[in-house]
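These notes are about the structure you will find just below.
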Amino acid sequence: MHTALQDIKHEVNTRTDQPIQELRQGIYSFIDDQNQLAIHCAEDNAPRVVELVRGILDQYERSTRIRHEQESEALIDRVEERLREVVVVAKTTAETKISEMLEPKIREMLEPKIHEAVALQLKPKIPNTVEPDPKYRKSVELQEEPTCFNIAPVATAAAPTMSRPKSQHQMKTRAQAEKDRQDKARCVERRAQAKLDRIRQEAQVAVSARAATRAAELLHRKPKARARR
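Take a look at the structure:
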């Protein structure tokens with residue numbers, strides 16, 4: 001009985017082992033075929049996948065660059081606007097301080113010279129000697145000229161000692177000279193004022209340029225400090 005059972009068991013195992021081996025072999029072959037097919041498909045699709053990934057990366061880089069450029073342009077616009085405001089404030093402050101500081105000093109330095117020049121130009125010029133009239137001087141010379149005869153000289157009218165009234169020509173000359181002196185005085189005053197204005201303007205330009213440079217330095221430092229933070 002025991003032997004019969006062993007024989008039945010052996011026969012069952014013999015009959016079932018072969019189908020199981022065939023099924024296992026078929027499964028392995030199917031898996032290998034699928035793997036080979038997947039490998040071939042992957043090799044065929046690899047260039048397209050690479051191009052697709054590359055396009056995605058390029059699009060991402062382009063969008064990132066555009067966003068950075070837009071942010072940079074907006075930051076530059078804000079910085080420029082702030083710089084304009086700072087320059088306007090600095091220029092106004094500098095001009096006010098220049099006017100307060102330099103104008104009294106310049107006026108104190110130049111006003112005495114201006115007044116002195118004006119006084120010198122307006123001062124009348126008085127001649128040291130007064131020349132006699134040529135007509136009377138000639139009559140005096142004829143009166144004093146000696147003669148070859150012993151004849152007493154004829155008495156002639158002597159030159160008048162009292163001053164003659166000024167002629168119209170002399171009055172015009174005096175008025176013209178006075179006008180020339182006044183014109184020269186005004187010219188000197190205008191030159192002094194122009195010099196004062198030029199000094200004030202140069203000082204304002206120098207201070208404004210320095211203030212603008214300092215404001216630009218401060219504005220360029222602030223974004224760096226924020227970036228570090």
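In case it helps, the UniProt record's numbering puts the sequence shown at residues 1 to 229. Glycine residues also receive a C-beta, built at the ideal position from the N, C-alpha and C atoms.
Distance between residue j and residue i (C-alpha atoms, nearest Å)
i: A175; j: T92; result: 48 Å
i: V88; j: E69; result: 28 Å
i: D33; j: P19; result: 21 Å
i: G55; j: A42; result: 19 Å
i: A209; j: R107; result: 24 Å
i: C187; j: P112; result: 16 Å
i: Q59; j: G26; result: 47 Å
i: T3; j: Q36; result: 49 Å
i: R82; j: E217; result: 12 Å
i: I39; j: L57; result: 25 Å
i: residue 235; j: T64; result: Residue 235 lies beyond the stretch modelled for the chain, which goes from 1 to 229, so this question has no answer here.
i: A46; j: R78; result: 48 Å
i: P104; j: I199; result: 13 Å
i: R84; j: A90; result: 10 Å
i: D44; j: L52; result: 14 Å
i: M171; j: A194; result: 34 Å
i: V49; j: E71; result: 33 Å
i: K9; j: D17; result: 12 Å
i: I31; j: R24; result: 11 Å
i: E144; j: D180; result: Unreliable placement is indicated for E144, whose pLDDT of 46 sits below 50; the coordinate value is still reported in the next sentence. About 42 Å.
i: T14; j: S29; result: 23 Å
i: A185; j: E178; result: 11 Å
i: R214; j: L102; result: 22 Å
i: Q182; j: E116; result: 14 Å
i: Q21; j: V12; result: 14 Å
i: E61; j: E80; result: 28 Å
Short Cβ contact (7 Å threshold) for residue i with residue j
i: Q204; j: E95; result: yes
i: I114; j: A192; result: yes
i: L120; j: L196; result: no
i: V207; j: I98; result: yes
Cβ-heavy atom distance, residue i to the ligand NAD, below 6 Å
i: P47; result: This structure does not include the ligand NAD; it has no bound ligands of any sort.
- Ranges of the beta strand (DSSP E) found wholly within the stretch 20 to 91, counting only runs of at least 3: Counting only runs that start and end inside the stretch 20 to 91, there is no beta strand (DSSP E) element of at least 3 residues.
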